[in-house]
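Here's the structure, in structure tokens; my notes come after.
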Amino acid sequence: MNSRIIVVFGFDMETDIGSWTPYYRGVSEGTPKILELLSRKRIKATFFFTGEAAEKHPSIVRRVVEEGHEVGCHSLYHETVGDELFPIPGVKPLLPEEVPFRLKKATEIVEKALGDKVVSFRAPRLWGSTVMVLSLEDLGYKADVSYPLYFYGERLTPYHPSRDDWTKEGDMKILEIPNFADMSIESRDKYGRDRDQWPKFRTEGAEKLMIHVRSHVKYVGDKALPAVLCFYFHPWEFVEMPKGPIRVSPEGSVLPDEYLIKNCGGYALTQLEKLIDCLKSMGAVFMEARELAEEWDSIKSDLRK
């Protein structure tokens, strides 16, 4: 097995356009398209459901499992369960003392729909925290896929976090899996967001994203490290989203920024397929989050030999 390039595909099962609408067209209409593509390409992925998404769409949860993929958790309502990295109007993080209960409740709801234990988690917006990771460890999670490499910029490969600071290496059992960002480039953004992968696959296309992938693979390779590329997508990206104001309640509408909905639908699906083909051509191995969590220590040991 070529363990030098490991790919984890994660799909965040949430309301359309993140927290900006209450609708689930992506979950109901986009997920079947994703599953068909993954089946044709013979790769596995992890689908991170919010508690609400799992409760409202248990048939989608079951279908994901029936097709051989992992179901993970993505909070209760797509609320901020970690530290705020940059301000978003109307989006406020939970108080630290609220986090354990919210995560426990979300986990119970997803597990009820799944009929099995959930062991992988990803925080909305990749906004994690030490309190969050400690809570996940207490709940028996094996993998947290929340570390935003574009922001912290330090952890290039998976690691067991510290109980004092989730962004540092320590002795916790849970494995922290960083989300891919191209660390070979100089960032011009205050928060490093121009290094991030999302949503380049559909706004710029798979070929341009692969330039960043290859550059990052070389960057970590020069440091004698394996390339672990964890991607995040959303099912609503594979359904055409409205381009005008979207009515979200009797009291008002939202008008998403163009980049949020650019090229959603068939084009995005085509680019995802191209991305898969390009990664395969590099010899990448695709793994679920839980699978990587179970095998990482062994993989890391083998690479040292």
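All residue numbers for the sequence shown refer to numbering that gives the first Met the number 0, where the first residue is 0 and numbers rise by one.
Just so you know, even glycine gets a beta-carbon here, dropped at the ideal spot from N, CA and C.
Reference residue i, options the options, closest by Cα
| i | options | result |
| --- | --- | --- |
| residue 54 | 235, 106 and 28 | 106 |
| residue 185 | 197, 218, 204 and 175 | 218 |
| residue 203 | 242, 80, 171 and 274 | 274 |
| residue 20 | 292, 295 and 254 | 254 |
| residue 267 | 4, 52, 237 and 58 | 237 |
| residue 140 | 288, 301, 296 and 297 | 288 |
| residue 138 | 159, 257, 116 and 145 | 116 |
| residue 281 | 232, 209, 85 and 50 | 209 |
| residue 296 | 171, 30 and 92 | 171 |
| residue 113 | 22, 59, 23 and 240 | 59 |
| residue 17 | 232, 94, 57 and 302 | 232 |
| residue 92 | 130, 68 and 56 | 130 |
| residue 248 | 22, 3 and 4 | 22 |
| residue 109 | 147, 144, 57 and 146 | 57 |
| residue 242 | 163, 79, 257 and 303 | 257 |
| residue 27 | 298, 223 and 52 | 52 |
| residue 272 | 4, 39, 229 and 31 | 39 |
| residue 79 | 95, 220, 222 and 286 | 95 |
| residue 147 | 83, 67 and 29 | 83 |
| residue 67 | 290, 298, 301 and 214 | 290 |
Test item: CB-CB of residue i and residue j under 8 Å
| i | j | result |
| --- | --- | --- |
| residue 317 | residue 235 | Outside the shown range of the chain (0 to 304) lies residue 317, about which nothing can therefore be said. |
| residue 283 | residue 6 | yes |
| residue 225 | residue 156 | yes |
| residue 89 | residue 128 | no |
| residue 132 | residue 173 | yes |
| residue 13 | residue 77 | yes |
| residue 9 | residue 230 | yes |
Residue-chain proximity (residue i, chain D), Cβ-Cβ < 8 Å
| i | result |
| --- | --- |
| residue 194 | No chain D is present in this structure, which holds just one protein chain. |
Three-state secondary structure assigned by DSSP to residue i
| i | result |
| --- | --- |
| residue 42 | coil |
| residue 277 | helix |
| residue 238 | coil |
| residue 160 | strand |
| residue 129 | helix |
| residue 69 | strand |
| residue 5 | strand |
| residue 286 | coil |
| residue 12 | strand |
| residue 185 | coil |
| residue 121 | coil |
| residue 147 | strand |
| residue 95 | helix |
| residue 219 | helix |
| residue 258 | helix |
| residue 253 | strand |
| residue 49 | coil |
| residue 272 | helix |
Own chain, CB closer than 7 Å to residue i, minus 5 neighbours either side, in chain order
| i | result |
| --- | --- |
| residue 152 | 182 and 191 |
| residue 195 | 149 and 180 |
| residue 270 | 200, 201, 204 and 205 |
| residue 104 | 50 and 75 |
| residue 136 | 171, 172 and 173 |
| residue 240 | 15, 16, 260 and 263 |
Close Cβ partners of residue i (< 6 Å) along its chain, the five nearest in sequence each way excluded
| i | result |
| --- | --- |
| residue 63 | 46 and 70 |
| residue 145 | 121, 122, 125 and 127 |
Near the ligand NAP: residue i beta-carbon under 7 Å from a heavy atom
| i | result |
| --- | --- |
| residue 266 | Questions concerning the ligand NAP fall outside what the structure shown contains, since it holds no ligand whatsoever. |
Same chain, Cβ closer than 8 Å to residue i, neighbours up to 5 away in sequence not counted
| i | result |
| --- | --- |
| residue 244 | 252, 253 and 254 |
Point to revise | Meets three-Cβ-pair contact criterion under 8 Å: the stretch 59-73 and the stretch 119-126 | key: Contact between the stretch 59-73 and the stretch 119-126 is present, because at least three Cβ pairs lie under 8 Å.
Taking three-plus beta-carbon pairs below 8 Å as touching, is the stretch 249-266 in contact with the stretch 34-49? No contact exists between the stretch 249-266 and the stretch 34-49.
Worksheet item: Looking at C-beta atoms only, is the number of pairs between the stretch 93-102 and the stretch 26-39 that lie closer than 8 Å three or more?
Response: For the pair of segments examined, the stretch 93-102 was found not to touch the stretch 26-39: the number of CB pairs separated by less than 8 Å stays below three.
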